[in-house]
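> Numbering of the sequence shown is given in the working numbering, commencing with residue 2 and proceeding in unit increments.
Backbone N, C-alpha and C define an ideal beta-carbon position, used for all residues, glycine too.
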Amino acid sequence: YTALSYVWGAPKGIKPITVNGSLFFVTEKLYHALQHLRFEDIAPAIWINSICIDQANDIENPEQVRLMGSIYSNTVRVIVWLGLPT
Numbered sequence: 002y003t004a005l006s007y008v009w010g011a012p013k014g015i016k017p018i019t020v021n022g023s024l025f026f027v028t029e030k031l032y033h034a035l036q037h038l039r040f041e042d043i044a045p046a047i048w049i050n051s052i053c054i055d056q057a058n059d060i061e062n063p064e065q066v067r068l069m070g071s072i073y074s075n076t077v078r079v080i081v082w083l084g085l086p087t
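Printed below as a string of structure tokens:
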């Protein structure tokens with residue numbers, strides 16, 4: 002899998018995307034990152050912490066955050082998105 006690391010920023014400009022057939026809302030910064038990635042860069046799977054970790058689950062979230070070092074070190078690649086050019 003590929004991991005995407007990006008600057009979260011303020012949760013403004015929430016945008017809808019489809020994740021495994023379900024509607025999901027992401028920040029504008031993540032939305033732009035996903036728009037600019039090529040499928041070849043992320044196939045066959047992509048791990049994005051704000052989607053793969055239930056941010057509202059106070060039990061799961063800290064456990065998953067502790068695993069992030071392992072998650073990132075076991076990827077095929079990590080893509081870092083710093084944002085749109087200014």
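#1: Rounded to a whole number of angstroms, what is the C-alpha to C-alpha distance between V79 and I15?
#2: To which residues of the same chain is P63 closer than 8 angstroms at the C-beta, ignoring the five residues directly before and after it?
#3: On the criterion of 16 or more Cβ atoms from any shown chain inside 10 Å, does Y73 qualify as buried, or is it exposed?
#4: Using only alpha-carbon positions, find the residue among E41, D55, V77, F25 that is nearest to T3.
#5: Within 10 angstroms of the Cβ of T19, are there 16 or more other Cβ atoms? Answer buried if so, exposed if not.
With the given structure in hand:
#1: Against the sequence shown, residue 79 aligns to sequence position 78. Against the sequence shown, residue 15 aligns to sequence position 14. When rounded, the distance between both Cα atoms is 24 angstroms.
#2: Against the sequence shown, residue 63 aligns to sequence position 62. Its chain contains no residue whose beta carbon lies nearer than 8 angstroms to that of P63 once the 5 sequence neighbours on both sides are disregarded.
#3: As a first step, residue 73 must be located in the sequence shown, where it is residue number 72. With fewer than 16 other beta carbons inside 10 angstroms of its own, Y73 counts as exposed.
#4: Within the sequence shown, numbered from 1, the residue matching residue 3 stands at position 2. Nearest C-alpha to T3: V77.
#5: Position 18 of the sequence shown, counted from the first residue, corresponds to residue 19. Burial is judged here by how many other beta carbons sit within 10 angstroms of a residue's own beta carbon; T19 has fewer than 16 and is exposed.
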